[in-house]
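Novice: Below is a structure I'd like to ask you about.
Number of protein chains: 2
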Amino acid sequence: MPAGRAVKPARARVVPRRLGSVPYSAAKTRTITTALALFAEHGVGGTSLQMIADAIGVTKAAVYHQFKTKEEIVLAAAELELVKLQAALDSAEAEAGRPRALDALLTKVIDLTVEGRRMVSALHGDPVMVRLLAKHEPFRQLMDRLYCLLTGDRPGTEARVRAALLSAAIRGVVIHPLVMDLDDDTLRSELQRVARRLVHLPD
Amino acid sequence: MPAGRAVKPARARVVPRRLGSVPYSAAKTRTITTALALFAEHGVGGTSLQMIADAIGVTKAAVYHQFKTKEEIVLAAAELELVKLQAALDSAEAEAGRPRALDALLTKVIDLTVEGRRMVSALHGDPVMVRLLAKHEPFRQLMDRLYCLLTGDRPGTEARVRAALLSAAIRGVVIHPLVMDLDDDTLRSELQRVARRLVHLPD
DNA sequence: GTCTATAGAATGATAGAC
DNA sequence: GTCTATCATTCTATAGAC
């Protein structure tokens with residue numbers, strides 16, 4: 001039997017709007033995935049609706065038919081990646097006891113990050129995206145859940161620094177020039193190894 | 204007496220154009236510092252010359268009198284921060300033996316990063332800046348020197364991942380939401396401590 | 001869903017006076 | 001060094017036909 005209760009999500013009182021609960025049409029999905037790829041390459045601010053329309057092979061007006069503003073496209077592109085994080089948090093929080101939850105979280109987050117390494121800079125590096133997501137309630141709830149799992153309850157200074165370091169390291173490594181030539185499998189296993197050692201680092 | 208020779212900089216054959224060797228006029232300096240602050244807040248792509256001019260209190264034409272293009276301003280703003288890294292590398296490389304060089308480098312880089320934490324996202328997160336610096340030879344030479352010190356000669360996969368993790372972690376922590384409320388002194392000492400433990404992590 | 005056409009604002013950049 | 005005035009281009013966004 002499990003050693004403890006399932007980990008309770010942070011801010012449980014706030015009714016969370018579930019990400020990805022409304023499915024997109026085929027045309028919308030095509031727009032989102034194309035936009036995300038362009039965001040990763042040129043940044044959000046450097047990607048115009050004209051570029052997105054050209055990449056799809058339609059006109060700007062056709063894109064505006066699906067999304068009223070550019071901001072909507074940016075958010076939809078972000079959510080495409082964030083639903084994966086949401087699923088990872090769900091299954092981690094369902095684990096019995098914090099050690100198991102943390103371990104499950106690490107495994108999934110590292111897998112996701114390596115798998116989507118081309119999109120990481122567009123999501124967490126781009127200043128326009130960062131500013132937009134900071135005002136985005138579903139995103140903030142996800143981050144609260146993530147940080148709660150990483151730091152535990154009532155974290156002190158050291159625990160917060162360590163959690164920040166861990167999440168910054170995972171994100172930062174996969175887009176680092178020093179490991180750009182490494183294939184996904186190698187990068188993933190190396191990262192899984194060193195992340196574990198970081199978590200269990202003695203004081 | 205020192206235990207070893209001074210660490211040799213990477214790519215010694217390439218004659219490096221020294222950063223910050225040409226001093227700026229007062230008006231130019233004012234423009235650069237103003238621009239850098241705006242880049243940090245709105246991103247490079249989200250900062251127009253109009254915004255820079257307004258923040259200084261002059262017209263666009265006055266700004267264009269000092270810099271021919273926006274790209275020149277972006278590069279100058281980047282160099283303002285990079286000269287500090289250059290100085291840190293200089294003194295670290297002058298240390299006798301790799302362990303001492305690495306230790307000196309860590310101390311200075313962490314100090315610099317914490318001190319300039321508001322500018323970190325503009326320099327290393329912004330996609331426009333990253334793309335521009337990637338084509339910028341003096342910047343690439345600096346990074347070569349940095350990575351050479353971090354990984355040692357002929358680094359294997361694990362050493363590269365570890366070096367990438369270290370540099371990504373330092374950059375990423377100082378802008379992380381979890382430590383945003385920490386003051387500079389606390390963050391610096393915590394970071395110095397955990398960075399050392401990372402460097403001396405057993406295999 | 002996609003198109004043509006266009007409005008209205010902002011952008012990077014330049015010419016020339018003071 | 002700073003200004004006014006301007007140009008060509010691009011941008012987000014909309015109207016209305018098919």
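Protein chains in written order, with the working numbering: chain A, 1 to 203; chain B, 204 to 406. Ideal Cβ placement from N, Cα and C applies to all residues, glycine included. Please read these numbers as outputs of a predicted model, since none were measured by experiment.
Do the stretch 244-253 of chain B and the stretch 42-51 of chain A meet, that is, are 3 or more Cβ pairs less than 8 Å apart?
Specialist: Touching, yes, given that three or more Cβ pairs across the two stretches are closer than 8 Å.
Novice: Look at the alpha carbon of A:T29 and the alpha carbon of A:A76, and state the distance between them as a whole number of angstroms.
Specialist: Indexing the first sequence from 1 puts residue 29 of chain A at position 29. Indexing the first sequence from 1 puts residue 76 of chain A at position 76. If you draw a straight line from the Cα of A:T29 to the Cα of A:A76, it comes to about 9 Å.
Novice: Which term fits A:S167, buried or exposed, when burial requires 16 or more other beta carbons within 10 angstroms of its beta carbon?
Specialist: Along the first sequence, read from residue 1 onward, the residue named residue 167 of chain A stands at position 167. Counting Cβ neighbours within 10 Å, A:S167 comes out buried, since at least 16 surround it.
Novice: Write down the C-beta distance between B:A258 and B:T237 rounded to the nearest angstrom, noting that I regard them as a contact closer than 8 Å.
Specialist: By one-based count along the second sequence, residue 258 of chain B stands at place 55. By one-based count along the second sequence, residue 237 of chain B stands at place 34. The Cβ separation is near 5 Å, so the contact holds.
Novice: Closer than 9 Å between beta carbons: that is the criterion. Which residues of the stretch 338-360 of chain B meet it against chain A?
Specialist: Against chain A - using a Cβ distance shorter than 9 Å - the residues of the stretch 338-360 of chain B are M346, Y350, L353, T354, P358, T360.
Novice: Could you give the DSSP three-state label for A:A96: helix, strand or coil?
Specialist: Here residue 96 of chain A is taken as the residue at index 96 of the first sequence, counted from 1. Residue state, collapsed to three classes: strand.
Novice: Would A:A101 and A:A87 be called neighbours here (beta carbons separated by less than 8 Å)?
Specialist: Residue 101 of chain A sits at position 101 when you count from the first residue of the first sequence. Residue 87 of chain A sits at position 87 when you count from the first residue of the first sequence. Not in contact: A:A101 and A:A87 (Cβ atoms no closer than 8 Å).
Novice: Hey, quick one: how far does the alpha helix (DSSP H) through B:F242 stretch, first residue to last?
Specialist: Mapped onto the second sequence, residue 242 of chain B falls at position 39. Its alpha helix (DSSP H) spans residues 229-245.
Novice: Considering Cα atoms alone, identify which of B:E275, B:D384, B:I378, B:Y350 is closest to B:M332.
Specialist: For the purposes of this step, residue 332 of chain B is identified with residue 129 of the second sequence, where counting begins at 1. Ranking B:E275, B:D384, B:I378, B:Y350 by Cα distance to B:M332 puts B:E275 first.
Novice: Kindly indicate which residue of A:L198, A:A78, A:E190 has the alpha-carbon position closest to the one of A:V214.
Specialist: Residue numbering for chain A in the displayed model covers 1 to 203; residue 214 of chain A lies beyond these limits and cannot be assessed.
Novice: Using a Cβ cut-off of 7 Å, pull out every chain B residue sitting near A:T186, in sequence order please.
Specialist: What you label residue 186 of chain A is simply residue 186 of the first sequence in a count that begins at 1. Those are T360, listed as they occur along chain B.
Novice: If the cut is a Cβ gap below 7 Å, which residues of chain B does A:E190 touch?
Specialist: Position 190 of the first sequence holds residue 190 of chain A. Near A:E190 (Cβ distances below 7 Å), the residues of chain B are T360, E361, V364.
Novice: So if I threshold CB-CB distances at 9 Å, which residues from the stretch 256-267 of chain B count as touching chain A?
Specialist: Cβ contacts with chain A come from no residue of the stretch 256-267 of chain B.
Novice: Count the other CB atoms within 10 Å of the CB of A:H200; is the residue buried (16 or more) or exposed (fewer)?
Specialist: Indexing the first sequence from 1 puts residue 200 of chain A at position 200. Exposed: under 16 other Cβ atoms inside 10 Å.
Novice: With 16 as the cutoff for other CB atoms within 10 Å, does A:H65 come out buried or exposed?
Specialist: Counted from its first residue, the first sequence places residue 65 of chain A at position 65. Counting Cβ neighbours within 10 Å, A:H65 comes out exposed, since fewer than 16 surround it.
Novice: I'd like to know whether the C-beta atoms of A:V173 and B:V364 end up nearer to each other than 8 Å.
Specialist: Counted from its first residue, the first sequence places residue 173 of chain A at position 173. Counted from its first residue, the second sequence places residue 364 of chain B at position 161. Taking 8 Å as the Cβ cut-off, A:V173 and B:V364 qualify as a contacting pair.
Novice: Could you name the residues of the stretch 314-337 of chain B whose beta carbon sits closer than 9 Å to any beta carbon of chain A, in the order they occur along the chain?
Specialist: S324, A325, H327, G328, D329, P330, V331, V333, R334, A337
Novice: To the nearest angstrom, report how far apart A:D270 and B:L308 are at their CA atoms.
Specialist: What the structure shows of chain A is the stretch from 1 to 203, and residue 270 of chain A is not part of that stretch, so it cannot be assessed.
Novice: For the alpha helix (DSSP H) that contains A:M51, what are its first and last residues?
Specialist: Position 51 of the first sequence, counted from the first residue, corresponds to residue 51 of chain A. Its alpha helix (DSSP H) spans residues 49-56.
Novice: Rounded to a whole number of angstroms, what is the C-alpha to C-alpha distance between B:A230 and A:K84?
Specialist: Position 27 of the second sequence, counting from 1, holds the residue named residue 230 of chain B. Position 84 of the first sequence, counting from 1, holds the residue named residue 84 of chain A. So the alpha carbons of these two residues sit roughly 49 Å apart.
Novice: List, from N- to C-terminal side, the alpha helix (DSSP H) runs of 4 residues or more that fit wholly inside the stretch 71-115 of chain A.
Specialist: 98-115
Novice: Quick one: does B:L385 have its CB under 8 Å from some CB of chain A?
Specialist: If you number the second sequence from 1, residue 385 of chain B lands on position 182. Yes, its Cβ sits closer than 8 Å to a Cβ of chain A.
Novice: Hey, could you find the ends of the alpha helix (DSSP H) B:I378 is sitting in?
Specialist: Here residue 378 of chain B refers to the residue found at position 175 when the second sequence is read from its first residue. Run containing B:I378: none; DSSP gives neither H nor E here.
Novice: Under 7 Å Cβ-Cβ, which residues of chain B neighbour A:V194?
Specialist: If you number the first sequence from 1, residue 194 of chain A lands on position 194. Within 7 Å Cβ-Cβ: V364, R365, L368.
Novice: Look at the alpha carbon of B:R400 and the alpha carbon of B:E393, and state the distance between them as a whole number of angstroms.
Specialist: By 1-based counting over the second sequence, the position of residue 400 of chain B is 197. By 1-based counting over the second sequence, the position of residue 393 of chain B is 190. Taking the straight line joining both Cα atoms gives about 11 Å.
Novice: State buried or exposed for A:A61, treating a residue as buried only when at least 16 other CB atoms are found within 10 Å of its CB.
Specialist: As a working note, residue 61 of chain A is residue 61 in the first sequence. Counting Cβ neighbours within 10 Å, A:A61 comes out exposed, since fewer than 16 surround it.
Novice: For the stretch 14-30 of chain A, which residues have a beta carbon sitting closer than 7 Å to at least one beta carbon of chain B?
Specialist: Here the close residues number zero.
Novice: Using a beta-carbon distance below 8 Å, is B:V402 in contact with chain A?
Specialist: For the purposes of this step, residue 402 of chain B is taken as the residue at position 199 of the second sequence. Output row for B:V402: interface = no.
Novice: Just to confirm, is the Cβ distance from B:E284 to B:L326 under 8 Å?
Specialist: Locating residue 284 of chain B in the second sequence gives position 81, counting from the first residue. Locating residue 326 of chain B in the second sequence gives position 123, counting from the first residue. In contact: B:E284 and B:L326 (Cβ atoms closer than 8 Å).
Novice: From the DSSP output, in three-state form, read off B:L401 for me.
Specialist: Stepping through the second sequence from its first residue, residue 401 of chain B is reached at position 198. Residue state, collapsed to three classes: helix.
Novice: According to DSSP, is B:F270 helix, strand or coil?
Specialist: In the second sequence, the residue the question calls residue 270 of chain B occupies position 67. Note: B:F270 maps to coil in three-state DSSP.
Novice: Are B:L292 and B:L349 closer than 8 Å when you measure CB to CB?
Specialist: Along the second sequence, read from residue 1 onward, the residue named residue 292 of chain B stands at position 89. Along the second sequence, read from residue 1 onward, the residue named residue 349 of chain B stands at position 146. Yes, they are a contact pair.
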